[in-house]
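Colleague: Before I ask anything, here is the structure I am working with.
There are 2 protein chains.
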Amino acid sequence: MSQGNSCVSIGRAQARACTVREALDRVGGKWSIGILVAAAKGPVRFTELERQVEGISRRMLTLTLRNLERDGLLHRRVHPTVPPKVEYTATPMALELYESLVALTDWAERHRGAISEARAAYDREHAGQ
Amino acid sequence: MSQGNSCVSIGRAQARACTVREALDRVGGKWSIGILVAAAKGPVRFTELERQVEGISRRMLTLTLRNLERDGLLHRRVHPTVPPKVEYTATPMALELYESLVALTDWAERHRGAISEARAAYDREHAGQ
DNA sequence: CCGGATCCTAAGGGATACTG
DNA sequence: CAGTATCCCTTAGGATCCGG
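One line per chain: the protein sequences are D and R, in this order.
Residue numbering for the first sequence follows UniProt numbering, beginning at 1 and increasing consecutively.
Residue numbering for the second sequence follows UniProt numbering, beginning at 1 and increasing consecutively.
Right, here's the structure in full:
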């Protein structure tokens, strides 16, 4: 639905925010990251993904794979054998994306404690209503 | 719903993915980034945000502000005047987060073209069904 | 000016059963 | 093995109106 270049005609720092969302939209789903991580270390088969990405349903696995493939983040290779064999591989673009997420990982680890404290404090504060 | 430390008991590289989602969950909403960007440059009032963050509804502005405040990313200061004046400011933690997103912004800009080409190619390929 | 309360729609996502 | 197809529920989010 949201195209890539809807970041024009804003004119402010909000254009920056829009560019960020551009990236987040491709990785924002519940399962995208888990799949990308699993596919980053080489070709992975459908069933392998189903096991490695804990809790994912067959349906969501298929859907997320299709989206990632469509965005050029995964490459899908079908081996015309019986039984069928399909391998998914992260593209260079996807690997770059994953490395860009390292900064985010660091941030999350550094502030994990502060965040839950902030939440606890907020909830305490707003307990009586 | 999702607590902060649900990343244990996985044991694989998937724990990494889980940490990434930890960060994304706090910024994954449709409006969070836009609000943070606007609040990054100093105190902003409610109505200012309503104008700067284009397209946001009153309801979502309030909700997102509350969530960001609860996570310790925004500070809310109420001036007991008439009419009321409320200022929102990004906390240092939020500023760090924003800087961590720069890598993501760069990625989005670098691959913007490649992504839309990949989409076009995929859609062309899968046109006949 | 800064919201809260209510109602409603749409999108995300889970469970399950079926198929080439 | 690698998916489709269906059904259903839950959540995000928009529209609108009311209140301190």
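C-beta atoms are modelled at their ideal positions from N, C-alpha and C, and glycine is treated no differently.
Since we're looking at a predicted model, the values are computed, not measured.
Just checking, does the region 26-35 of chain R make contact with the region 21-29 of chain D on the three C-beta pairs under 8 Å criterion?
Modeller: Yes, they touch.
Colleague: Using a Cβ-Cβ distance cut-off of 9 Å, determine whether L63 of chain D contacts chain R.
Modeller: Not an interface residue.
Colleague: DSSP on L73 of chain R, reduced to helix/strand/coil?
Modeller: DSSP places L73 of chain R in coil when its eight states are reduced to three.
Colleague: Looking at the C-beta of E48 of chain R, does it have a partner C-beta in chain D at a distance below 9 Å?
Modeller: No, because no Cβ of chain D sits closer than 9 Å to the Cβ of E48 of chain R.
Colleague: Quick check on H79 of chain D: buried or exposed, where buried means 16 or more other Cβ atoms within 10 Å of its Cβ?
Modeller: It is exposed - the Cβ of H79 of chain D has fewer than 16 other Cβ atoms within 10 Å.
Colleague: Please classify A39 of chain D: does DSSP put it in a helix, a strand, or coil?
Modeller: Looking at A39 of chain D - three-state DSSP - the assignment turns out to be helix.
Colleague: Within the continuous alpha helix (DSSP H) that includes V20 of chain D, where are the two ends?
Modeller: Taken as a continuous stretch (DSSP letters only), the alpha helix (DSSP H) holding V20 of chain D covers Q14 to D25.
Colleague: Taking 9 Å as the CB-CB cut-off, is M1 of chain D touching chain R?
Modeller: Its pLDDT being 40, under 50, M1 of chain D is placed unreliably by the model, and nothing is read from it.
Colleague: Any beta carbon from chain D within less than 9 Å of H111 of chain R's own beta carbon?
Modeller: Yes, H111 of chain R counts as interfacial toward chain D.
Colleague: Note down the Cα distance separating E54 of chain R from E48 of chain D, rounded to an integer number of angstroms.
Modeller: If you take the alpha carbons of E54 of chain R and E48 of chain D, they lie about 43 Å apart.
Colleague: Quick check on this structure: which residue in R:L95, R:Y98 and R:K30 has the alpha carbon closest to the alpha carbon of M60 of chain R?
Modeller: Checked all of R:L95, R:Y98 and R:K30; the closest Cα to M60 of chain R is R:K30.
Colleague: In chain order, which beta strand (DSSP E) runs of at least 3 residues are fully inside the region 42-97 of chain R?
Modeller: Whole beta strand (DSSP E) segments, 3+ residues: 74-79 and 85-90.
Colleague: How many angstroms separate the CA atom of V82 of chain D from the CA atom of R70 of chain R?
Modeller: Roughly 54 Å separates the two Cα atoms.
Colleague: Quick check on this structure: which residue in R:R77, R:P43, R:K41 and R:Y88 has the alpha carbon closest to the alpha carbon of T64 of chain R?
Modeller: That would be R:Y88, whose Cα lies nearest to the Cα of T64 of chain R.
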